[in-house]
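The next block holds one structure in the form of structure tokens; read it before the comments.
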Amino acid sequence: MKYVHLVLRNMTRNKRRLALTVMSIAVSLFVFSALVSLPAVANQIVASSASSVRLVCYNKAGLTYSLPEAYKQKIALAPHVEAVVSQGWFGGIYHDPTDQFPNFAIDHEQADLVWPDWFPPGVAAAFKHLRTACVVGPATMKRFGWHVGQQVMLKGTIYPFNPTFTIVGELTSKAPPDFFLFRRDYLEEMAGRPGFVSLFYIKADSSDSMPLIAAHLDETFANSSAETQTESESSFYAGFLSNYQALFRMASALGMIVVISIGLVAANTAAMSIRERRSEIAVMRSIGFSRHLILGMLVGESVIIGVVGGLLGCGSAYVLLKLVSVGGRGIPEIRIPPIVVAESLVLAAILGLLSGYFPARSAARRNIVDALRTVA
Amino acid sequence: MDKYAIDVEHVSRIYKRDEFEIRALDDLTIHVPEGKFVAIMGPSGSGKTTLLNLIAGIDHPTTGRVAVGGEEITGMKERELARWRGRHIGLVFQFYNLIPVLTAFENVELPLLLTQLGKADRREHVETALRVVGLADRMNHYPRQLSGGQEQRVAIARALVTDPTIIVADEPTGDLDAKSAEEILNLLVELNRQFKKTIVMVTHDSRAERHVETVYRLDKGVLVGIEEGKGVATHKAAGAQA
Numbered sequence: 001m002k003y004v005h006l007v008l009r010n011m012t013r014n015k016r017r018l019a020l021t022v023m024s025i026a027v028s029l030f031v032f033s034a035l036v037s038l039p040a041v042a043n044q045i046v047a048s049s050a051s052s053v054r055l056v057c058y059n060k061a062g063l064t065y066s067l068p069e070a071y072k073q074k075i076a077l078a079p080h081v082e083a084v085v086s087q088g089w090f091g092g093i094y095h096d097p098t099d100q101f102p103n104f105a106i107d108h109e110q111a112d113l114v115w116p117d118w119f120p121p122g123v124a125a126a127f128k129h130l131r132t133a134c135v136v137g138p139a140t141m142k143r144f145g146w147h148v149g150q151q152v153m154l155k156g157t158i159y160p161f162n163p164t165f166t167i168v169g170e171l172t173s174k175a176p177p178d179f180f181l182f183r184r185d186y187l188e189e190m191a192g193r194p195g196f197v198s199l200f201y202i203k204a205d206s207s208d209s210m211p212l213i214a215a216h217l218d219e220t221f222a223n224s225s226a227e228t229q230t231e232s233e234s235s236f237y238a239g240f241l242s243n244y245q246a247l248f249r250m251a252s253a254l255g256m257i258v259v260i261s262i263g264l265v266a267a268n269t270a271a272m273s274i275r276e277r278r279s280e281i282a283v284m285r286s287i288g289f290s291r292h293l294i295l296g297m298l299v300g301e302s303v304i305i306g307v308v309g310g311l312l313g314c315g316s317a318y319v320l321l322k323l324v325s326v327g328g329r330g331i332p333e334i335r336i337p338p339i340v341v342a343e344s345l346v347l348a349a350i351l352g353l354l355s356g357y358f359p360a361r362s363a364a365r366r367n368i369v370d371a372l373r374t375v376a
Numbered sequence: 001m002d003k004y005a006i007d008v009e010h011v012s013r014i015y016k017r018d019e020f021e022i023r024a025l026d027d028l029t030i031h032v033p034e035g036k037f038v039a040i041m042g043p044s045g046s047g048k049t050t051l052l053n054l055i056a057g058i059d060h061p062t063t064g065r066v067a068v069g070g071e072e073i074t075g076m077k078e079r080e081l082a083r084w085r086g087r088h089i090g091l092v093f094q095f096y097n098l099i100p101v102l103t104a105f106e107n108v109e110l111p112l113l114l115t116q117l118g119k120a121d122r123r124e125h126v127e128t129a130l131r132v133v134g135l136a137d138r139m140n141h142y143p144r145q146l147s148g149g150q151e152q153r154v155a156i157a158r159a160l161v162t163d164p165t166i167i168v169a170d171e172p173t174g175d176l177d178a179k180s181a182e183e184i185l186n187l188l189v190e191l192n193r194q195f196k197k198t199i200v201m202v203t204h205d206s207r208a209e210r211h212v213e214t215v216y217r218l219d220k221g222v223l224v225g226i227e228e229g230k231g232v233a234t235h236k237a238a239g240a241q242a
């Protein structure tokens, strides 16, 4: 501990350079943590649904194709199925085209059975009671300043009408925070009962029966005009998100490129700083400081700079992403997952370690007499 | 017979610069008795600083042996040598070589960080050392806030604070005006007298001869003469008074 003071004094000897180095690392870690959060958030969605006993049944031709709502009866009668809810994408906006958020029409009868932890007590009953009811995630409520009991009108972008809804409750924190769910019978009525849905959510009686249900349903609807693909919810999300894998990989690669390039700049700065102090290092060694101690102190400086930069970068990325998602503009809420924070800080420490280690090692190993002669 | 603080026996030091070999010291033998204040003098390139570096354990001889305080340092490994320097050597440089971001107090405290002393003990040692060099009132000043002479005093306090076996000074007056140089030489004499410190000083400064007991003259890496310094009379007188 007695050397910490010495490390800090040396580290802060050129405050402008220190601030610029910390800021450059902070910027690189800001970019890294923000970009890497995208795939991490996607992985989190998949991981969070891994333990669910829900299946998703959709058109085998793809998600853009619909299924007849009549399938619901057959699905409900299939063995091991506890509940089934059909879902349709409405694609409405609030006022402006930028006011986008996920809004779905769902069957109200068994919604609380399929998603039991999404509805607070009493809300499911209210949702079933009122045909124009809707339930909204907390982020969307906050974004538009809505409150329970308020009537809101959404503008249809796919459907040629603008339905008005009554907010009967707020979804719990277990539901996606920006979801807007309303009753499908209301949509059907306005659309003239076309009788098609995007997909079905099915609750199985146990995880063991999920493959049996999937096989049974896909076999049932085989050779029909709308063949189905049924899979577990986590598998469905993973498949859906796999479409974005190239983008995620590019984001991660871009983040690493930024970190590496800033790391090289930081290494150059560390090398300059250490080179300027060669004489002092020689003096310290001549009065008894060992090479290892000198190396440890110099590397310690770099690691502290890296970690401080990392904390600043991660912190500002967290705040900015939160502000952007709260501010709306159609951007879904992205929170930097703890694993990304940990990765970023470890990366920052490694960045500091590597940028400082090589010039520090060279300085610590330099012949004392040569280093002193350079001064004279 | 005097006990030797420094034994340099048949030491040669050869530097390789590209394809050239430079013989800085050539089969040099010097014995410095304990408690003496001696100067090593000679023209540029005579090997003075090389000899000092060998005595201080910051360089290794090509051949021969060096013993300081009865301890042979020639075969010591780097880490062992660093520890030894911390315990036995106090170094004073021509350009003071203080750490600019540390105060006078912190600069003097620096070698004590390597010891087992606690904070309070370190403070006591540092305050004593700064009092000895007459800078007790400047301990919170940074090197840039001190004159050259004061900086060199701080450097001497840093060399003194661990109570080393010998103090090694390389041109300690080389960057100072005449008045400051005189003050530094007087301070070294005082340290030698009061604390019985063996002091080896490399210098070009002819004034130094008035202060030291023995002058070792080198030329081209060879010892060409050992002279009694003019300071010897003062030393003897001081010894008689004591």
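Top to bottom, those sequences are chains A and B.
Residues in the first sequence are numbered from 1 upward in steps of one, following the working numbering.
Residues in the second sequence are numbered from 1 upward in steps of one, following the working numbering.
Every residue, glycine too, gets a C-beta built ideally from N, C-alpha and C.
Residue of the options minimising C-alpha distance to residue i
{"i": "A/W118", "options": "A/D96, A/D99, A/L181 and A/F144", "result": "A/L181"}
{"i": "A/L293", "options": "A/R184, A/Q44, A/S355 and A/A363", "result": "A/A363"}
{"i": "B/L110", "options": "A/R285, A/A204 and A/A133", "result": "A/R285"}
{"i": "A/R278", "options": "A/R249, A/T64 and A/N367", "result": "A/N367"}
{"i": "B/L160", "options": "B/L130, B/P172 and B/V224", "result": "B/L130"}
{"i": "A/A271", "options": "A/I281, A/G356 and A/N243", "result": "A/G356"}
{"i": "A/S225", "options": "A/P121, A/P116, A/P194 and A/Y65", "result": "A/Y65"}
{"i": "B/A67", "options": "B/G225, B/H31 and B/Y96", "result": "B/H31"}
{"i": "A/F165", "options": "A/F104, A/V197 and A/L212", "result": "A/F104"}
{"i": "B/E151", "options": "B/D163, B/A136, B/T29 and B/P164", "result": "B/A136"}
{"i": "A/V85", "options": "A/H95, A/G137, A/G92 and A/K74", "result": "A/K74"}
{"i": "B/V243", "options": "B/N53, B/L102 and B/K77", "result": "The structure shown does not extend to residue 243 of chain B, since chain B is modelled only from 1 to 242, so the question has no answer here."}
{"i": "A/D185", "options": "A/D218, A/G306, A/S206 and A/H129", "result": "A/H129"}
Status (buried if at least 16 other CB within 10 Å, exposed otherwise) for residue i
{"i": "A/T12", "result": "exposed"}
{"i": "B/I58", "result": "buried"}
{"i": "A/G288", "result": "buried"}
{"i": "A/T98", "result": "exposed"}
{"i": "A/V259", "result": "buried"}
{"i": "A/M1", "result": "exposed"}
{"i": "A/M153", "result": "exposed"}
{"i": "B/D7", "result": "buried"}
{"i": "B/Y15", "result": "exposed"}
{"i": "B/M1", "result": "Because the pLDDT of B/M1 is 46, which lies under 50, any placement of that residue in the model is unreliable, and the number read from its coordinates should be weighed accordingly. Classification for B/M1: exposed."}
{"i": "A/A167", "result": "The sequence shown places Ile at residue 167 of chain A, rather than the Ala named in the question. Its Cβ being crowded by 16 or more others within 10 Å, A/I167 is buried."}
{"i": "A/R183", "result": "buried"}
{"i": "A/F101", "result": "buried"}
According to DSSP, residues forming a beta bridge with residue i
{"i": "A/S232", "result": "A/L55"}
{"i": "A/R335", "result": "Bridge partners of A/R335: none, in fact."}
{"i": "A/K155", "result": "A/I93"}
{"i": "A/Q100", "result": "A/I93"}
{"i": "B/R65", "result": "B/E9"}
{"i": "B/D219", "result": "B/V222"}
{"i": "A/V135", "result": "A/G169 and A/L181"}
Contact set for residue i: own chain, Cβ-Cβ below 6 Å, skip 5 residues either direction
{"i": "A/S52", "result": "E233"}
{"i": "B/F105", "result": "V126 and M139"}
{"i": "B/I199", "result": "F37, I167, L188 and N192"}
{"i": "A/L372", "result": "A282"}
{"i": "A/Y244", "result": "none"}
{"i": "B/D205", "result": "T173"}
9 Å Cβ cut-off: residues of chain B touching residue i
{"i": "A/S279", "result": "F95 and N97"}
{"i": "A/Y3", "result": "L113"}
{"i": "A/S302", "result": "Those do not exist, as A/S302 stays about 17 Å from chain B at its closest Cβ, beyond 9 Å."}
{"i": "A/R16", "result": "Simply none; closest approach about 14 Å."}
Neighbourhood of residue i by C-beta distance below 7 Å, restricted to the same chain and skipping five residues each side
{"i": "B/T49", "result": "D170 and V202"}
{"i": "A/V340", "result": "S33, V36, S37 and A40"}
{"i": "A/R361", "result": "L295"}
{"i": "A/L254", "result": "L35"}
{"i": "B/L243", "result": "Residue 243 of chain B lies beyond the range of chain B shown here (1 to 242); nothing can be said about it."}
{"i": "A/G327", "result": "In this prediction, A/G327 has a pLDDT of 48, which is less than 50 and means its spatial position is unreliable; nothing more can be read from the coordinates."}
Residues of its chain near residue i, where Cβ-Cβ distance is below 8 Å and the 5 sequence neighbours each way are ignored
{"i": "A/V7", "result": "M297, G300, E301 and I304"}
{"i": "A/R275", "result": "P359 and A363"}
{"i": "A/I213", "result": "L55, A78, P79, H80, V81, I202, A204 and T230"}
{"i": "A/G156", "result": "F90, G91, G92, N162 and P163"}
Interface partners of residue i on chain A, CB under 7 Å
{"i": "B/R79", "result": "S290"}
{"i": "B/N140", "result": "Simply none; closest approach about 14 Å."}
{"i": "B/L91", "result": "S286 and I287"}
{"i": "B/N53", "result": "V369"}
Interface partners of residue i on chain A, CB under 9 Å
{"i": "B/N104", "result": "Looking at the sequence itself, residue 104 of chain B is Ala, so the reference to Asn does not match. The premise fails here: B/A104 is roughly 14 Å from chain A at the closest Cβ pair, so nothing lies under 9 Å."}
Chain-ordered neighbours of residue i on chain B, where CB pairs are closer than 7 Å
{"i": "A/I368", "result": "I58"}
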